[in-house]
């Protein structure tokens, strides 16, 4: 079965500092990996996704993530935090071993990391 | 407007009442999903649908009923609401119909349900 673990339910950084949100996955086959962001009182928005084309994936709002197979990790980074980055971030995994009725993919989500950006 | 729409945004209901949360998407995506979001649990899949008239259980289906008579609509019904069903409910859709596809999900804005 596939799963993701997000280390740290809360992360606090200063404005302008590096953002690092950790995600480790478990999958017996090459996975697809996603990061979503949720702003207060809103749904989840796709930040970026890894689909095996390139290990370093760039997303919206200056975020990027690197797929490291040897470490089974897909950490999310941003060089310089902005106040508007304060939100909850979810890592998710999809693998061909977890098949839905109809043959489609299933996303399994982590429990989320709340990012706080301080002045 | 195109997209995925949930209604209502907020709902307060009493224990034992039936309540239906609506979800409508305009992309003709094959898959639709219902999740609940609770502190410490992240998102948990309640039910999903691969196409009209094809639905299946997720991780936490007890106490919920779904239907999908049309591709664009996927209502979620709480047959007899309980306080433990107080949560934020998200509907999502995906065009993927193939194993291992890289499509992500597109989410609605959520319904905040309080059962008193």
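Chains as they are written, first to last, in our numbering: chain Y, 1 to 119; chain V, 1001 to 1116. C-beta: ideal position from N, C-alpha, C; glycine also. From a predicted model like this one, the values you see are computed outputs, not experimental measurements.
- Looking at the backbone, the Cα of residue 87 of chain Y and that of residue 1061 of chain V are separated by about 28 Å.
- With a cut-off of 8 Å on Cβ pairs, the region 1001-1014 of chain V is not in contact with the region 76-85 of chain Y, counting fewer than three such pairs.
- Counting C-beta atoms within 10 angstroms of its own C-beta, residue 1053 of chain V has fewer than 16 neighbours from the protein chains shown and is therefore classed as exposed.
- Within its own chain, the residues whose Cβ lies closer than 8 Å to the Cβ of residue 1116 of chain V, once the five positions on either side in sequence are excluded, are 1012, 1013, 1014, 1015 and 1083, listed in chain order.
- The CB of residue 1081 of chain V never comes closer than 7 Å to any CB in chain Y; the least such distance is about 22 Å.
- Taking one beta carbon from each stretch, the region 105-118 of chain Y and the region 46-66 of chain Y have fewer than 3 pairs nearer than 8 Å; the two do not touch.
- Interface flag for residue 100 of chain Y against chain V is set, since a Cβ pair is found closer than 8 Å.
- Contact check between the region 1061-1074 of chain V and the region 1023-1032 of chain V: three or more CB pairs, one atom from each, fall below 8 Å, which counts as touching.
- Take the alpha-carbon of residue 1004 of chain V and the one of residue 61 of chain Y: they are about 23 Å apart.
- The contact set of residue 1074 of chain V on chain Y, defined by CB atoms closer than 8 Å, is empty, because the minimum CB distance reaches about 14 Å.
- Residue pairing by DSSP places residue 1034 of chain V opposite V:1047 and V:1091 in a beta bridge.
- A straight-line Cα-Cα distance of about 9 Å links residue 1105 of chain V and residue 1032 of chain V.
- At a cut-off of 8 Å, the C-beta of residue 74 of chain Y has no neighbouring C-beta in chain V.
- Against residue 1056 of chain V, the close residues of chain Y are 100, 101 and 102, in the order they occur along the chain (beta-carbon pairs closer than 9 Å).
- With fewer than 16 neighbouring CB atoms inside 10 Å of its own CB, residue 20 of chain Y falls in the exposed class.
- Rounded to the nearest whole angstrom, the C-alpha separation of residue 1056 of chain V and residue 1045 of chain V is 11 Å.
- Distance check between residue 117 of chain Y and each of Y:83, Y:105, Y:106 and Y:32 places Y:83 closest, using alpha-carbon atoms only.
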